[in-house]
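Everything below concerns the one structure shown next.
Chains as they are written, first to last, in our numbering: chain A, 567 to 996; chain B, 509 to 986.
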């Protein structure tokens with residue numbers, strides 16, 4: 567391979583002499599994180615766990631972007647993809663954020679270990695009320711049947727396993743790619759491919775585990791075999807949308823991708839965004855439809871509380887559900903069908919749109935839960951009411967992830983100049 | 509780090525044309541006649557089975573309480589699944605700009621059409637009175653009986669017929685430039701063959717055959733002249749059909765999965781069924797493509813057009829989709845336990861350790877374990893091993909449908925209902941015969957239609973690379 571740094575490295579691609587713009591994000595992120603942790607204990611008597619869920623929503627949004635990016639990087643390695651090489655590098659910068667997420671997740675784990683009342687996973691404390699019915703968790707047949715999985719030590723072990731896998735994969739893929747910049751040794755390509763082959767299996771396992779542990783077990787009565795794939799599909803969409811925004815930001819920077827990135831890169835990202843918009847809808851619809859159609863009460867309640875109050879009237883979640891169908895699927899789907907919308911401002915617009923409704927999707931998956939039993943069969947469910955933690959946690963984790971990203975981006979070259987496929991990526995055309 | 513060439517030995521346009529057209533224009537080899545006769549004999553089993561069933565009723569199948577869905581639905585899902593690789597290769601890989609698909613898409617699409625034909629037999633005849641089959645369509649009849657639109661079996665009618673129609677159109681439309689080439693060579697081929705004919709009968713036969721080929725390819729080529737406008741329209745139509753076919757690949761097997769998943773039956777009602785079925789279908793389809801293409805590659809000497817790179821790609825898709833299926837098996841098992849529904853848990857434990865455990869472990873071995881060999885280059889390069897593994901995949905995917913269908917029904921909610929399901933000879937012969945039918949159709953395809961999409965292959969061949977380089981890259985194909 568004749569590609570060399572002399573040919574393709576723009577003057578700005580050197581590593582030295584950068585201004586570090588990341589410090590305000592670090593300070594702001596730490597302050598907001600401290601505020602968010604403090605806010606965890608401000609839940610009302612009727613709903614003490616509400617701030618915890620807001621924190622979880624904020625964390626999940628950024629986690630999903632990182633998870634999607636990790637999958638994309640590995641998939642591109644596996645496919646020996648040429649066009650995506652300079653995009654992959656932006657994701658490699660971002661993947662350092664897994665460490666931030668792991669740290670920001672720690673308060674939730676510690677609270678779970680301490681058995682605190684503010685933790686939303688009802689099953690961590692057997693003296694709590696069963697979700698939406700009378701009696702304690704300890705007396706719940708369903709809990710007892712699942713106790714081998716739903717216990718704090720195992721949960722903590724899984725937390726460690728999940729982040730160890732994500733961080734380990736991200737660390738190695740980043741390091742090998744950066745090292746190739748310096749040495750030009752293509753053995754790292756083979757290493758990365760091999761790691762990705764195994765890594766996709768590992769990531770599929772731990773991502774499923776994360777989706778089940780953190781979201782599905784919020785009501786441990788409910789279950790769906792599709793749930794891990796839902797989180798994967800949502801993550802892929804979020805990652806693609808976030809990457810589009812990063813690419814536009816980098817495209818305007820002299821020390822970024824200005825003059826290097828082609829319109830076709832955006833077009834291809836738009837195509838992938840369309841594909842995963844359909845995939846997300848396919849997965850979400852299939853899960854809904856099969857549960858609706860079989861109409862088995864042990865699982866339908868999950869959708870019921872996202873549609874109606876116990877008295878049969880439509881609740882606020884119904885409108886959110888409609889928004890997900892029409893605004894999170896239909897609008898981006900129709901919009902992205904058009905060729906001209908996969909470039910420039912239309913693409914930025916739809917990426918922001920998708921990310922906004924991605925938060926709503928996460929909200930919709932995490933927040934609606936049965937709160938307390940009322941009467942023999944009735945229950946109240948948590949309404950669609952924002953909480954300050956939703957905002958602070960989202961901003962805190964986001965600021966810290968962006969801080970980590972900027973730091974990483976300022977330390978390394980904006981494109982993998984010695985990647986064997988770099989010329990394919992730089993000379994991309996439809 | 510150069511990319512593997514898609515066409516080896518820098519074959520020219522002329523060589524590619526002669527190679528692929530030669531399969532159709534040469535005389536049928538002896539193995540073709542043997543295969544055709546054997547396939548025809550095998551296909552007669554299906555014919556006899558269906559005649560017997562029509563005369564006597566569906567009781568001739570092994571269906572009995574509580575297993576009222578037996579081999580018929582298994583065979584239907586098996587054949588429909590086989591077809592998926594063709595559409596995936598022609599549509600999805602086209603949208604993904606995977607150029608290696610050009611060497612295998614034609615045969616895989618043909619496989620799709622014939623597999624759908626084999627699949628359609630079973631739901632059609634399972635209605636018993638096959639002459640009322642048209643009631644499946646929403647046409648008012650004398651008794652004003654309308655189909656039950658809430659049944660996924662009814663959705664199958666629409667899904668499969670749409671899929672079959674679009675696949676057929678896609679296959680045919682893609683063939684037009686190649687058919688035109690064959691048409692243009694008819695006279696040349698006739699002159700050559702007529703000169704070789706020694707007896708008057710042989711000369712007459714050659715003339716009749718020439719007339720037939722002239723009309724056959726002339727009509728099918730639809731006046732194709734290879735003009736710029738023709739190619740422009742062709743490319744656009746191809747892209748549109750690829751866009752239309754892509755959701756169809758997903759929807760057909762999704763609807764097939766709904767046949768099971770909308771029910772309450774333990775082992776059937778799982779939300780993961782739609783993507784799990786689609787992955788399984790693509791897995792089985794690629795298994796069948798390997799099963800067919802490896803011998804054809806050797807028989808027709810197509811090593812430069814279907815290279816080790818193509819085989820590697822197909823093996824890797826089998827590995828990926830087989831592993832997805834393995835993921836689905838695992839998550840189903842976990843949720844069966846986690847869901848804490850004793851019936852669901854029993855269904856899965858029963859699958860693995862009950863009276864049908866043999867079928868379950870055949871399924872696991874063939875579908876999850878056997879594709880893991882494809883991790884290794886040495887395994888992918890030993891074509892006899894790849895071929896054996898592809899047979900394993902075909903077998904495993906049939907058993908997957910057997911395990912899903914039969915184990916859940918045979919041991920349902922009430923132990924008093926339980927029964928051991930066995931197929932009858934009619935079941936077995938009718939199914940085996942469909943391989944004969946498939947073989948007959950595929951062998952006819954080999955003789956009369958271009959096996960490889962050579963117009964498309966030329967576009968990815970070294971001769972088509974007018975620059976002679978790829979932007980500073982030393983390789984020619986990317």
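Backbone N, C-alpha and C define an ideal beta-carbon position, used for all residues, glycine too.
The beta carbon of residue 789/A sits closer than 7 Å to some beta carbon of chain B. Residue 910/B is a Cβ neighbour of residue 867/B, given a cutoff of 7 Å.
If you draw a straight line from the Cα of residue 791/A to the Cα of residue 854/A, it is about 12 Å long. Interface with chain A (7 Å Cβ-Cβ cutoff): residue 532/B is excluded.
Between the region 568-587 of chain B and the region 922-933 of chain B, the count of Cβ pairs shorter than 8 Å is three or higher; the stretches touch. Out of 665/A, 650/A, 608/A and 643/A, the CA that lies nearest to the CA of residue 632/A is found in 665/A. Going by DSSP, residue 928/B is part of no alpha helix (DSSP H) at all; its letter is neither H nor E.
Residue 792/A belongs to the set of residues whose beta carbon lies under 7 Å from a beta carbon in chain B. Within chain A, the residues whose beta carbon sits less than 8 Å from that of residue 847/B are 789 and 864, listed in sequence order.
The alpha-carbon of residue 767/A is positioned some 33 Å away from that of residue 675/B. Residue 722/A and residue 815/B have their C-alpha atoms some 49 Å from each other.
Distances from the alpha-carbon of residue 985/A to those of 744/A, 884/A, 824/A and 860/A put 744/A closest. Residue-level contact check: residue 606/A does not touch chain B, since none of the beta carbons of chain B fall below 7 Å from its beta carbon.
In the three-state DSSP reduction, residue 786/A falls in the coil class, being neither helix nor strand.
Not flagged as an interface residue toward chain A: residue 818/B, since no C-beta distance is shorter than 7 Å.
In the DSSP assignment, residue 754/A falls within the unbroken alpha helix (DSSP H) covering 753-780.
Residues of the region 763-782 of chain B with a C-beta atom less than 8 Å from some C-beta of chain A are 766, 769, 770, 771, 772, 777, 778, 779, 780, 781 and 782, listed in chain order. Pairing residue 942/B with residue 875/B, the inter-Cα distance amounts to about 22 Å. Take residue 672/B, set aside five residues on each side of it, and the residues of its chain with a beta-carbon closer than 6 Å to its own are 624, in chain order. Beta-bridge annotation (DSSP): residue 946/A is paired with 938/A. Residue 520/B sits in coil when the DSSP states are folded into three classes, being neither helix nor strand.
Using a CB distance cut-off of 7 Å, residue 986/A counts as an interface residue toward chain B. Contact between residue 669/A and residue 688/A is absent: CB atoms are separated by about 25 Å, not below the 8 Å threshold. Residue 614/B and residue 834/B have their C-alpha atoms roughly 29 Å apart.
As for any alpha helix (DSSP H) of minimum length 4 sitting wholly inside the region 708-783 of chain B, the runs are 708-728 and 736-769, ordered along the chain. Under the Cβ criterion of 7 Å, residue 509/B is counted among the residues facing chain A. A Cβ of chain A is located within less than 7 Å of the beta carbon of residue 843/B. Of all residues in the region 735-757 of chain B, none has a C-beta nearer than 7 Å to a C-beta of chain A.
Assignment of beta strand (DSSP E) within the region 511-564 of chain B, counting only whole runs of 3 or more residues, yields no such run. The shortest CA-to-CA distance from residue 796/A to any of 706/A, 775/A, 608/A and 672/A is the one to 775/A. In this structure, residue 973/B keeps its C-beta atom at 7 Å or more from the C-beta atom of residue 516/B. By the CB criterion at 7 Å, residue 536/B and residue 948/B fall outside the cutoff. Put simply, of 679/B, 722/B and 707/B the residue whose alpha carbon is nearest the alpha carbon of residue 697/B is 722/B.
When Cβ-Cβ separations below 7 Å define contact, residue 856/A makes contact with chain B. Rounded to whole angstroms, the gap between the alpha carbons of residue 556/B and residue 630/B is 14 Å. DSSP places residue 914/B in the helix class (H, G or I) of the three-state scheme.
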